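Trainee: Quick one: the structure is below, and I'll ask about it shortly.
Below, the structure written as structure tokens:
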């Protein structure tokens, strides 16, 4: 495989929800997690833990949990609301694919924090801020190996809705109480093509020296 430049990796890595069911080599999954651990973290505490799930039975359980919460939150509360703005509706319509097809991904990587989130907002922001650079590293590494993925938070410990009919992720994966789940990333070979994602122009969100309207 031709080496991918850092520029191309950054500018063409996007959410890949439509994944083939072909298995991903173990060494590639290990590489993704190693790349994730190279990310910076607050105080270099490295408070992350990663669970690589390839078992069909466990993936199906995670998918069932995500499906329950996804239909309740995305379908019933957002898409069914006639007042939902068009842009938001478009984003969540795409997210419904994960709700319905999560178990088709050959691997799901669950990212955890090694301590519960404190009430202090400053400390909490540092903890969460340490997880997402790791998640981005993981996605960039996936891109370099011809793999795709997307960050999912519904069903995790800090999501707005708790499951009723399905066990939580912690029970499915036997996670101890002091470990908190914050994201799931399904990983696989994408069915679609990479390309530059739509983003607000950087000029629209950049200010020089001080805030300017």
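Numbering (the working numbering), first residue to last: -9 to 203. A virtual CB, placed ideally from N, CA and C, is assigned to each residue, including glycine. Quick caveat: nothing in here was measured; it's all calculated off a predicted structure.
(1) So, with DSSP's three-state summary, where would you put residue 177?
(2) Quick check on the burial criterion: 16 or more other C-beta atoms within 10 angstroms. Buried or exposed for residue 0?
(3) Near residue 21, what residues of its chain come up, given a Cβ to Cβ distance below 8 Å and the 5 sequence neighbours on each side ignored?
(4) Going straight from the alpha carbon of residue 202 to that of residue 194, what length do you get?
(5) Between the C-alpha atoms of residue 61 and residue 89, what's the straight-line distance to the nearest angstrom?
(6) Can you tell me which of the three DSSP states residue 60 falls into?
(7) Does the pairing of the segment 33 to 46 with the segment 87 to 103 give three or more beta-carbon distances under 8 Å?
(8) Do residue 170 and residue 155 have their C-beta atoms within less than 9 Å of each other?
(9) Could you give the uninterrupted runs of the beta strand (DSSP E) lying entirely in the segment 10 to 95, keeping only those of 3 residues or more?
(10) DSSP on residue 139, reduced to helix/strand/coil?
(11) Which residues share a DSSP beta bridge with residue 99?
(12) Going by beta carbon distance, what residues of the same chain come within less than 7 Å of residue 223, once the five residues before and after it are set aside?
(13) If residue 56 sits next to residue 145, beta carbons under 8 Å apart, how far is it from one beta carbon to the other, in whole angstroms?
(14) Taking just the CA atoms, how far does residue 73 sit from residue 18?
(15) By alpha-carbon positions, which one of 185, 23, 4, 59 ends up nearest to residue 149?
(16) With C-beta atoms as the reference, is residue 102 less than 9 Å away from residue 14?
(17) Given that a residue counts as buried once 16 or more other Cβ atoms are within 10 Å of its Cβ, and exposed if not, what is residue 3?
(18) When you compare each of 49, 191, 177 to residue 158 by their alpha carbons, which one comes out closest?
(19) Roughly how many angstroms separate the alpha carbons of residue 100 and residue 183, rounded to a whole number?
Mentor: On the basis of the coordinates in this document:
(1) strand
(2) exposed
(3) 131, 135
(4) 10 Å
(5) 7 Å
(6) helix
(7) yes
(8) no
(9) 38 to 43
(10) strand
(11) 42, 175
(12) In the structure as shown, the chain begins at -9 and stops at 203. Residue 223 is therefore absent and cannot be evaluated.
(13) 5 Å
(14) 43 Å
(15) 59
(16) no
(17) buried
(18) 49
(19) 24 Å
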